[in-house]
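Chemist: Numbering (our numbering), first residue to last: 24 to 367. We treat Cβ as the ideally placed atom computed from N, Cα and C, and that holds for glycine. Since this is a predicted model, take the numbers as computed values, not measurements.
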C-alpha cells in the first residue's frame, strides 16, 4: 500500500477525507488470472507474488488495493494449522478438506502455533522475505488479515455441520468458538510481529451473516468483539451476506470500516451504523464487475456514490472481494467515476 493511501484511510475513519476514494479487496482468485500467471506460482513464489502485486498497483494508481500484498493462500492458512488437507490447482486458489464432522470431535482439535503449524510459519517467512522489497518501492504492509472465527470453524467442520452443531450443542459450540477466536487473534498478532508497520486488522467472516439475532448474540458477538479489541487504528470487517441482523452491532464490535453485500443498499446500512463506520461498497462483484460492460460499471459506481450523499466515511468498492474474471475495463470504469466526481 502506498503511504499516502494509508493516510487516506486514516482520514476516512476520522471523517476528514474530502475526496471520493475507491478500494478493492484483491487476492489469489483474481490477480493471477488477470495477469495471466499460474495461481500456484503466485501463492508459492515470493518474487512472483511481489511483482504481481506491484504490477497491479502501478496499473491502477488511483485505487487502493486492500489489504495490500496479502500473503493469502485461498482460505488455507488457519485451517492448515489444525491439520486440514490443502489441495492446490494451477488456475484457482487451494481448497481445504474439513477434518471433523461434529461437535463431538472438537476435543481432537489442538490450538495451532502460528510459528510452527501448517502453512502459517511459511507465510510469516514469506512476509519477512518480501517486506524489504516492498519498502524499497516506498510501500508498506499496514494491515494484517485473518478469517473470522465462524468462517474458520466452518472450514474445520464444514458449513452445514457447524451450523447444525451450533443449534444442537450450545456448550460445545462455545468451546469451539473459544478455540477459533484464540487462533484468529494469535494469527493476527504473529503477522503484526513480523510486519512492523502494521496499524490495521482485517477480519473476513460471512458465516456470522447466516445467524438469527439470538444466535448472533449468543455465539458470535462477544467473540468478534474480543478480536477487535486488538490494538489497531483501522479495524475492518468483511461480511457480504445481506442479513442485517449484525449491522446494528457493528459499532459495539469496534469495527470502523465495513465491506458488505451489493444486495444491501447503502442507505439501509447507514440507518444501522450512522456516521461512525466507513462503509466500503457496494458494486455487484459478479453481475456488474465481471459480466457487465464498462458503462454498466460506471453507472453503478456513480449510483453508489450518489447513494452515499457526500458522507465522508465512504469507500467505493465491490460488494465483496474482486471476483475471478473481473476485466481491466471494470477498473477503468471505477477510475473514471472517481475522476468524474472529484473533478466537478
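1) What does a CB cutoff of less than 7 Å around residue 356 pick up in its chain, not counting 5 residues either side in sequence?
2) Of the choices 163, 198, 161 and 301, whose alpha-carbon is the least far from that of residue 173?
3) Closer than 8 Å is the cut-off here; do at least three beta carbon pairs connect the segment 211-218 with the segment 133-148?
4) Output the distance between the C-alpha atoms of residue 267 and residue 276, rounded to the nearest integer angstrom.
5) Going along the chain, which residues of its own chain have a beta-carbon closer than 6 Å to the beta-carbon of residue 248, five neighbours each way excluded?
6) If I follow the unbroken alpha helix (DSSP H) through residue 77, where does it start and stop?
7) Quick one: Cα of residue 121 to Cα of residue 95, how far?
8) My parser needs the alpha helix (DSSP H) runs of 4 or more residues fully inside the segment 239-300; what are they?
9) Around the C-beta of residue 51, are 16 or more other C-beta atoms found within 10 angstroms, so that it is buried, or is it exposed?
10) In the segment 176-239, which residue ranges form an unbroken beta strand (DSSP E) of at least 3 residues, counting only runs that do not cross its ends?
11) Would residue 169 pass as a contact of residue 109 if the rule is Cβ separation under 9 Å?
12) Which residues bound the beta strand (DSSP E) around residue 320?
13) Inspect the beta-carbon positions of residue 209 and residue 255 and report whether they are closer than 9 Å.
14) The ligand GDP and residue 127: does any heavy atom of the ligand fall closer than 8 Å to the residue's C-beta?
15) In the DSSP assignment, find the alpha helix (DSSP H) that holds residue 37 and state where it starts and stops.
16) Quick one: grab the DSSP three-state call for residue 164.
17) Would you mind reading off the limits of the beta strand (DSSP E) that contains residue 340?
18) Which of the three DSSP states is assigned to residue 88 in this structure?
19) Considering only C-alpha positions, which residue in the set 309, 296 and 308 is nearest to residue 331?
20) I'd like the span of the alpha helix (DSSP H) that includes residue 363, first residue to last.
21) So if DSSP puts residue 306 in a beta bridge, which residue, or which two residues, is it bridged to?
22) Indicate whether residue 253 and residue 224 have their beta-carbon atoms separated by less than 9 Å.
23) Is the beta carbon of residue 262 less than 9 Å from the beta carbon of residue 284?
24) When you compare only the Cα positions, how much space is there between residue 258 and residue 167?
25) Please state whether DSSP places residue 46 in a helix, a strand or coil.
26) From the DSSP output, in three-state form, read off residue 146 for me.
27) Alpha carbons only, please: which of 44, 204 and 28 is nearest the one belonging to residue 305?
28) With burial defined as no fewer than 16 other Cβ atoms inside 10 Å of the residue's Cβ, what is the status of residue 336: buried or exposed?
29) Quick one, which of 366, 364 and 354 has its alpha-carbon nearest residue 46's?
30) Given this structure, state the Cα-to-Cα distance separating residue 70 from residue 157, to the nearest angstrom.
31) Does DSSP classify residue 110 as helix, strand or coil?
Modeler: This is what the structure gives:
1) For the purposes of this step, residue 356 is identified with residue 333 of the chain shown, where counting begins at 1. Cβ neighbours of residue 356 beyond the five flanking positions: 317, 320, 321 and 324.
2) Here residue 173 is taken as the residue at index 150 of the chain shown, counted from 1. The candidate whose alpha carbon is nearest that of residue 173 is 198.
3) yes
4) As a position in the chain shown, residue 267 is number 244, starting the count at 1. As a position in the chain shown, residue 276 is number 253, starting the count at 1. Going from the Cα of residue 267 to the Cα of residue 276 covers about 15 Å.
5) Along the chain shown, one-based indexing puts residue 248 at 225. For residue 248, where only same-chain residues beyond five positions count, the Cβ hits under 6 Å are 276.
6) Here residue 77 refers to the residue found at position 54 of the chain shown. 69-82 is the extent of the alpha helix (DSSP H) around residue 77.
7) Taking the first residue of the chain shown as position 1, residue 121 is located at position 98. Taking the first residue of the chain shown as position 1, residue 95 is located at position 72. C-alpha separation (whole angstroms): 18 Å.
8) Restricted to the segment 239-300, the alpha helix (DSSP H) segments that are unbroken, complete and at least 4 residues in length are 244-250, 273-276 and 289-296, listed in chain order.
9) Here residue 51 corresponds to residue number 28 of the chain shown, with the count starting at 1. By the neighbour-count rule (16 or more Cβ atoms within 10 Å), residue 51 is buried.
10) 223-227
11) Indexing the chain shown from 1 puts residue 169 at position 146. Indexing the chain shown from 1 puts residue 109 at position 86. Not a contact, by the Cβ cut-off of 9 Å.
12) Numbered from its first residue, the chain shown carries residue 320 at position 297. From DSSP, residue 320 is part of no beta strand (DSSP E) but of the alpha helix (DSSP H) over 317-331.
13) Your numbering for residue 209 matches position 186 in the chain shown. Your numbering for residue 255 matches position 232 in the chain shown. In this structure, residue 255 does not lie closer than 9 Å to residue 209 by Cβ.
14) The ligand GDP is absent from the structure shown, which contains no ligand whatsoever.
15) By 1-based counting over the chain shown, the position of residue 37 is 14. Here the alpha helix (DSSP H) through residue 37 covers 26-37.
16) As a working mapping, residue 164 is identified with position 141 in the chain shown. The answer is coil: DSSP assigns residue 164 none of H, G, I, E or B.
17) In the chain shown, counting from the first residue as 1, residue 340 sits at position 317. Per DSSP, residue 340 belongs to the beta strand (DSSP E) from 337-341.
18) Position 65 of the chain shown holds residue 88. Reduced to three states, the DSSP call for residue 88 is strand.
19) Translated into positions along the chain shown, residue 331 becomes position 308. Checking every option, the nearest Cα to that of residue 331 belongs to 296.
20) On the chain shown, position 340 is the one that residue 363 refers to. Secondary structure note for residue 363: its alpha helix (DSSP H) is the uninterrupted segment 351-365.
21) Stepping through the chain shown from its first residue, residue 306 is reached at position 283. DSSP lists 341 as partners of residue 306.
22) Indexing the chain shown from 1 puts residue 253 at position 230. Indexing the chain shown from 1 puts residue 224 at position 201. Taking 9 Å as the Cβ cut-off, residue 253 and residue 224 qualify as a contacting pair.
23) Position 239 of the chain shown, counted from the start, is the residue given in the question as residue 262. Position 261 of the chain shown, counted from the start, is the residue given in the question as residue 284. Their beta carbons are under 9 Å apart, which means residue 262 touches residue 284 by this criterion.
24) Start at 1 with the first residue of the chain shown, and residue 258 comes out as number 235. Start at 1 with the first residue of the chain shown, and residue 167 comes out as number 144. Roughly 10 Å between the two C-alpha positions.
25) In the chain shown, counting from the first residue as 1, residue 46 sits at position 23. Taken through DSSP and simplified to helix, strand or coil, residue 46 comes out as strand.
26) In the chain shown, counting from the first residue as 1, residue 146 sits at position 123. Helix.
27) The residue you call residue 305 lines up with position 282 of the chain shown. When only C-alpha atoms are compared, the closest one is 44.
28) Within the chain shown, the letter at position 313 stands for residue 336. Classification for residue 336: buried.
29) The residue labelled residue 46 in the question sits at position 23 within the chain shown. Comparing Cα positions, the closest option is 354.
30) One-based indexing of the chain shown puts residue 70 at position 47. One-based indexing of the chain shown puts residue 157 at position 134. Whole-angstrom Cα-Cα distance: 11 Å.
31) Here the question's residue 110 lines up with position 87 in the chain shown. Three-state DSSP puts residue 110 in a strand.
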